[in-house]
Each structure stands twice: as C-alpha cells, then as structure tokens.
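Take a look at the structure below.
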Amino acid sequence: MKYLNFCLVAIASLFLMSSSIQTEKPSTGYYPGEQIPNIVLDGWEGRRLDLSEYKGRKVVLSFWAAYDAQSRASNVSLYNYLKAVAPDVVFVSISFDENRTVFERTALLDRIDLHAQFCDETGANSAIYKEFRLKNGFRNYLIDENGVILEIDLSVEKLKRLI
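All the letters of the sequence shown, read from the start, carry residue numbers -23 to -1, 1 to 140 under mature numbering (1 follows the signal peptide of the UniProt record, and there is no 0).
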C-alpha cells in the first residue's frame, strides 16, 4: 500500500511540474511573417497617421525617442538611406518622447521631414508602446505591400539586401 501511495504521489508531482513548464518563448512584440496591427496617430500640423492607408506600398516603421541614442541614430540613418536610394518605400517614424517640443526640435536637428514623423506623447504608457512591447528596446520594421512584417531591427546594411 505504501508503494502504491508513493507512486500516485510521484505521478501527481510529475504531472504538476510538467504542466507548469513554459515551452513558448516570451513574446516581445511582433515578428517577421506576422501581420502588423493598424496604428492611428495624430501628427505634425494636423496630419494623421493611419498605417492601413499604406497598403500596397512597402513601409519602414521606426520606433524611437530622443533620450535613446541608438534608436535615434538608427531612425536618422534609415530615413536618409530611404530618401536617397528608395524613395518609393514609405518611411514612418513614431517617437515616444513625452514632450512634443523635444520631439520637434530633435527631428529638426536631425533634418528629418516632420511629415513622416509622429509623436505619441504618452511615452511608455502608450498603447502602441505596450502592444509592441518596446520596454526592452525600440525596434523598427520592414512591412510589405500586404501589411506583413518582412524584417525587424533594420540597419542600412539589411535594407540594402532587402530592397
């Protein structure tokens, strides 16, 4: 009888332990092959961003903030490359600076056309920030004509190969 009770307890313990093991990787946003969700934001001088309006065109979507040097530098280099080499690819940039003046001055200092720039002044509290799980770092995405993510964490070198 002791042996039977021991076996039952061992089997129950194994069952409980195996059901608590996580086999999926933790989600950190969206990945290549997935559909990009629609983003709607108000921008510079009353312009409005509705990402769904760009269906039929390739889009580079860049998330950044003035306080994050790496994302800011990436934003500038991607913008300049696309402007010079691939003007048919739409560049959309979203800043999470909580101060609009800081955002505007940074974009002007970086010589980026403000019509391609949008600012979500709610910063880390933004629904977009949370949905894309940007707490661990800002990202950028290459999106195809159908709204499917082709590549993430772009650099100019990656864009040269992909476009």
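Note that CB positions come from ideal geometry on N, CA and C, so glycine has one too.
By the neighbour-count criterion, in which a residue is buried when 16 or more other Cβ atoms sit within 10 angstroms of its Cβ, Thr83 is buried. Annotation for Tyr58: Val133, Leu136 place their beta carbon closer than 7 Å to its own, counting only its chain and skipping 5 residues before and after. Distance from the Cα of Pro64 is smallest, within the candidate group Asn113, Arg49, Val36, for Val36. Proximity to Glu75 across Cys96, Lys60, Tyr106 peaks at Cys96, based on C-alpha coordinates.
The DSSP assignment places complete alpha helix (DSSP H) segments of no fewer than 4 residues inside the segment 33 to 79 at 46 to 62, in order along the chain.
Under the 8 Å Cβ criterion, the segment 19 to 28 does not count as touching the segment 109 to 117, having fewer than three qualifying pairs.
Out of Lys32, Arg34, Glu11, Ala42, the CA that lies nearest to the CA of Ser103 is found in Ala42. Relative to Val17, the option among Val66, Tyr31, Glu11 whose CA is nearest is Tyr31.
Proximity to Asp130 across Glu122, Tyr118, Leu55, Ile140 peaks at Tyr118, based on C-alpha coordinates.
Within the DSSP secondary-structure output, Asp19 pairs in a beta bridge with Arg25. Just so you know, the alpha carbons of Lys60 and Asp19 end up roughly 23 Å apart. Counted as a single uninterrupted DSSP element, the beta strand (DSSP E) harbouring Leu127 occupies residues 126 to 129.
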